[in-house]
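One structure is given here, and the rest of the page talks about it.
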Amino acid sequence: MSTTTIKVDMLARVEGEGGLYVKVRNDKVQEVKLKFFEPPRFFEAFLRGRQYTEAPDITARICGICPVAYQMSSVHAMEDALGIKVEGQLRELRRLLYCGEWIESHVLHVYMLHAPDFLGYADAIQLAKDHPDAVKRGLQMKKIGNEIVTLVGGREIHPINVRVGGFYRVPTKRELLTLKDKLEWARDAAVETILWVATLPYPDFEQDYEFVALRHPDEYPYNEGHVVSSKGIDIPVQKYEEFFREEHVEHSTALHSVVRGTDNYFVGPLARYNLNFDKLPAHIQKIARDINFEPPVRNPFKSIIVRAIETLYAIEEALRIIDQYERPAQPYVEAKPRAGIGCGCTEAPRGILYHRYRIGDDGAILDAKITPPTSQNQKTIEKDVWHFVEQALDLPQDQLVWQCEQAVRNYDPCISCSTHYLKLEMDRE
Amino acid sequence: MKVLCIGVGNELRGDDVVGRLTVRLLGYQSLPDTTFIEATGEGAALMDAWADAEAVFLIDAVSAGQPVGTIYRFLAHSQALPSQFFSYSTHAFSVAEAVEMARVLGQLPSHFIIYGIEGENFAAGASITPAVEKAVHEVIRQISAEIHALHSHV
Chain A
1 MSTTTIKVDM
11 LARVEGEGGL
21 YVKVRNDKVQ
31 EVKLKFFEPP
41 RFFEAFLRGR
51 QYTEAPDITA
61 RICGICPVAY
71 QMSSVHAMED
81 ALGIKVEGQL
91 RELRRLLYCG
101 EWIESHVLHV
111 YMLHAPDFLG
121 YADAIQLAKD
131 HPDAVKRGLQ
141 MKKIGNEIVT
151 LVGGREIHPI
161 NVRVGGFYRV
171 PTKRELLTLK
181 DKLEWARDAA
191 VETILWVATL
201 PYPDFEQDYE
211 FVALRHPDEY
221 PYNEGHVVSS
231 KGIDIPVQKY
241 EEFFREEHVE
251 HSTALHSVVR
261 GTDNYFVGPL
271 ARYNLNFDKL
281 PAHIQKIARD
291 INFEPPVRNP
301 FKSIIVRAIE
311 TLYAIEEALR
321 IIDQYERPAQ
331 PYVEAKPRAG
341 IGCGCTEAPR
351 GILYHRYRIG
361 DDGAILDAKI
371 TPPTSQNQKT
381 IEKDVWHFVE
391 QALDLPQDQL
401 VWQCEQAVRN
411 YDPCISCSTH
421 YLKLEMDRE
Chain B
430 MKVLCIGVGN
440 ELRGDDVVGR
450 LTVRLLGYQS
460 LPDTTFIEAT
470 GEGAALMDAW
480 ADAEAVFLID
490 AVSAGQPVGT
500 IYRFLAHSQA
510 LPSQFFSYST
520 HAFSVAEAVE
530 MARVLGQLPS
540 HFIIYGIEGE
550 NFAAGASITP
560 AVEKAVHEVI
570 RQISAEIHAL
580 HSHV
């Protein structure tokens, strides 16, 4: 009997701490476990008793990469509970803030975390030795994302300017215009990025996924829309828990999400792209066609191309918002506490992030539920590794381990969000 | 000579505040042509921050299994940084990666010293450990002396 153990004790270049265990017997995969062993963070519990106004600042602390997503999902959920709607320039500023986070997060992942995999480098520093101009371009683009978040959010990590109803302070037009020249440079750099990643070598690997993302009638989704799937789900955010449920698995401190009645699903850039391609501006669709990258795309390794395309979108969207911006007279919409339940779901860089809160008359949070994108993808990641290993068992062990890690990184998993380095263990007999 | 002191850390996580605390207190010293900034440790922002500096002192907490309060001093130009030392932050591109990336891209300021202070308690909401606080004062004394020496050689 031949036994293989793929063991990645510490998965590098993913956010947080986790490990991957793959058991193979007689060239058949028998078990794959994506293990998260950072202690659960109990955020949902310690939100109880805090004021509804505190949720955006507390939940932003769950993640240093996507704090804006936590802020956005929490304020939308609270506004749903309070019966207020944030529109006009305040809504646009929220999209602008999200553009900053997408640029930061996607560029970091494309250049620093994922591109080294495709080009055979151990990390971005090794990549930079041979491709210094590409890495410099990535760093410069990421910096512009940071600058948007700093300007609109108050600082680059864990922004402090977001509140239920809007912002504590809204920027002036002149302040936003300081970003314009840099964004115009970044637009060209983003096109170069797309053309660069399109030439990377991709493993031949496709799966029949159920893609899940937000969909909005008028725009590529950030903050609002229905939750839709490639297999027919189309529901308002408030019905999310009727269609999706979480289950505990012994090997992880994160919960696994599944579609009720069926199984695992896929959230993130590839899901958004497949479900919202028609909402991208025509010229971005044309670039996608020019590189032969029209949906449906079912190869998860090609998510790096989607991240590059979404980076271009975020840069152009930021320019559009800045161009039409008029500083609103009031930085936020007034809200009074009232008892109620509210749900919010927004598109974090890694996929949909769902929040639900129940608050009392006095505005105190009575209970909270947070479902991050990585825990929604966890089961899909395990299945990907399962199928990928089965068709790649002829590879030398070190290359197999390398590609397993790469398969996990397709999802840019943020393990710190979903609970919390990745270790890979391949048990092969 | 333009000197930049960067304190890296998270002030809500116990001893991780030590870099920030050190630059705050250094700011009260009378040091020539010196700027002080506090940073979260995000790599791209760090590279940007030190881009125009001629001399950089970066102070951060370390978790390397040595006695709490142990002071480390690295000359970034003559040695690679042990990345585990500064990886307590969950940011995927942080201090060690930023220094190594800047070295590869030829963007490392000509004089670059990193001070690490061994922490003990990095729990959310924890206070700074007394032994770490004591080390802060020793690091301030050493950095002040180094900055004065730099200018006396100019």
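Sequences listed follow chains A and B, in order.
If you use our numbering, the first sequence closes out at 429, no skipped numbers anywhere.
If you use our numbering, the second sequence closes out at 583, no skipped numbers anywhere.
Backbone N, C-alpha and C fix where the C-beta goes; we use that ideal spot for every residue, glycine too.
| Query | Result |
| --- | --- |
| For Ala-527/B, which residues in the same chain have their Cβ closer than 6 Å to its Cβ, ignoring the five residues on either side in sequence? | Gly-472, Leu-475 and Met-476 |
| Tell me whether Gly-100/A sits in a helix, a strand or coil according to DSSP, three-state version. | helix |
| Please classify His-420/A as buried or exposed, where buried requires at least 16 neighbouring CB atoms within 10 angstroms. | Confidence at His-420/A is low in this model, with a pLDDT of 28, below 50, so its placement is unreliable and the value that follows should be read with caution. The residue in question, His-420/A, is buried, as its Cβ has 16 or more Cβ neighbours within 10 Å. |
| Applying a beta-carbon distance threshold of less than 9 Å, which residues of chain A neighbour Glu-526/B? | Met-112, Asp-123, Ala-124 and Ile-125 |
| When you compare each of Ala-254/A, Lys-279/A and Ile-291/A to Ala-198/A by their alpha carbons, which one comes out closest? | Ile-291/A |
| Tell me whether Leu-179/A sits in a helix, a strand or coil according to DSSP, three-state version. | coil |
| Within this structure, are the beta carbons of Tyr-52/A and Ala-60/A separated by less than 8 Å? | no |
| Based on the DSSP secondary-structure assignment, which residues constitute the bridge partners of Arg-358/A? | Ile-341/A and Asp-367/A |
| Under DSSP, the beta strand (DSSP E) around Glu-147/A begins and ends at which residues? | Unbroken run through Glu-147/A is the alpha helix (DSSP H), 132 to 153; no beta strand (DSSP E). |
| Please compile the residues from chain B whose C-beta is within a distance smaller than 7 Å of the C-beta of Asn-146/A. | Ala-473 and Ala-474 |
| Short of 7 Å in beta carbon distance, which residues of its chain neighbour Glu-219/A, apart from the five on each side in sequence? Order them along the chain. | Lys-279 |
| Beta carbons nearer than 9 Å to chain B: which residues of the stretch 345 to 364 of chain A have them? | none |
| I'd like to confirm the pairing. Which residues does DSSP put opposite Leu-312/A in its beta bridges? | According to DSSP, Leu-312/A bridges with nothing at all. |
| May I ask which residues mark the beginning and end of the beta strand (DSSP E) holding Asp-384/A? | That residue, Asp-384/A, is in no beta strand (DSSP E); its alpha helix (DSSP H) goes 373 to 391. |
| Here's a check: name, in chain order, each residue in its chain whose Cβ is nearer than 8 Å to the Cβ of Ala-552/B, leaving out the five neighbours to either side. | Arg-442 and Gly-443 |
| Going by C-alpha to C-alpha distance, which of Gly-342/A, Lys-173/A, Pro-295/A and Gln-403/A sits closest to Gly-83/A? | Gly-342/A |
| Contact criterion: CB-CB distance below 8 Å. Does Ile-321/A meet it with respect to chain B? | no |
| In terms of DSSP beta bridges, what is Thr-262/A paired with? | Answer is none; Thr-262/A lacks a bridge partner. |
| Excluding five sequence neighbours on each side, which residues of the same chain lie with their C-beta closer than 6 Å to the C-beta of Ile-315/A? | Leu-183, Ala-186, Arg-187 and Ala-190 |
| Does the beta-carbon of Arg-260/A have 16 or more other beta-carbons within 10 angstroms, so that it is buried, or is it exposed? | exposed |
| Buried or exposed: where does Glu-210/A fall if 16 or more other Cβ atoms within 10 Å of its Cβ makes it buried? | buried |
| Out of His-76/A, Arg-50/A, Leu-34/A and Ala-45/A, state which residue places its alpha-carbon closest to the alpha-carbon of Leu-353/A. | His-76/A |
| Just checking: is the beta-carbon of Val-267/A within a distance shorter than 8 Å of some beta-carbon in chain B? | no |
| Comparing the C-beta of Glu-529/B with each C-beta of chain A, is any distance below 8 Å? | yes |
| For Asp-481/B, which residues in chain A fall below 7 Å Cβ to Cβ? | Neighbours of Asp-481/B on chain A: none; closest Cβ ~14 Å, over 7 Å. |
| Contact check, Leu-47/A vs Ile-365/A under 8 Å by CB: the rounded distance? | 5 Å |
| Report all residues from its chain with a CB closer than 7 Å to the CB of Glu-156/A; omit the five preceding and five following residues, and keep chain order. | Asn-146, Val-149 and Thr-150 |
| By DSSP, does Gln-399/A sit in helix, in strand, or in coil? | helix |
| Val-297/A to Pro-269/A, Cα distance in whole Å? | 11 Å |
| Could you tell me whether any Cβ in chain B is nearer than 8 Å to the Cβ of Asp-427/A? | no |
| Alpha carbon to alpha carbon, how far is Asp-204/A from Phe-118/A? Give it in angstroms, no decimals. | 13 Å |
| Does the distance between the C-beta of Arg-358/A and the nearest non-hydrogen atom of the ligand GTP fall short of 7 Å? | The ligand GTP is not part of this structure, which contains no ligands at all. |
| Is Ser-418/A helix, strand or coil when you go by DSSP? | Residue confidence for Ser-418/A is low, a pLDDT of 44 falling below 50, so the modelled location carries little weight; the figure read from the coordinates is stated next. Three-state DSSP puts Ser-418/A in a helix. |
| At 9 Å on the CB atoms, spell out the chain B contacts of Val-135/A, in chain order. | Met-530, Val-533 and Leu-534 |
| Quick check on the burial criterion: 16 or more other C-beta atoms within 10 angstroms. Buried or exposed for Phe-430/A? | The displayed coordinates of chain A run from 1 to 429. Any statement about residue 430/A would go beyond what the structure contains. |
| On the DSSP letters alone, give me the boundaries of the beta strand (DSSP E) that Tyr-501/B sits inside. | 500 to 504 |
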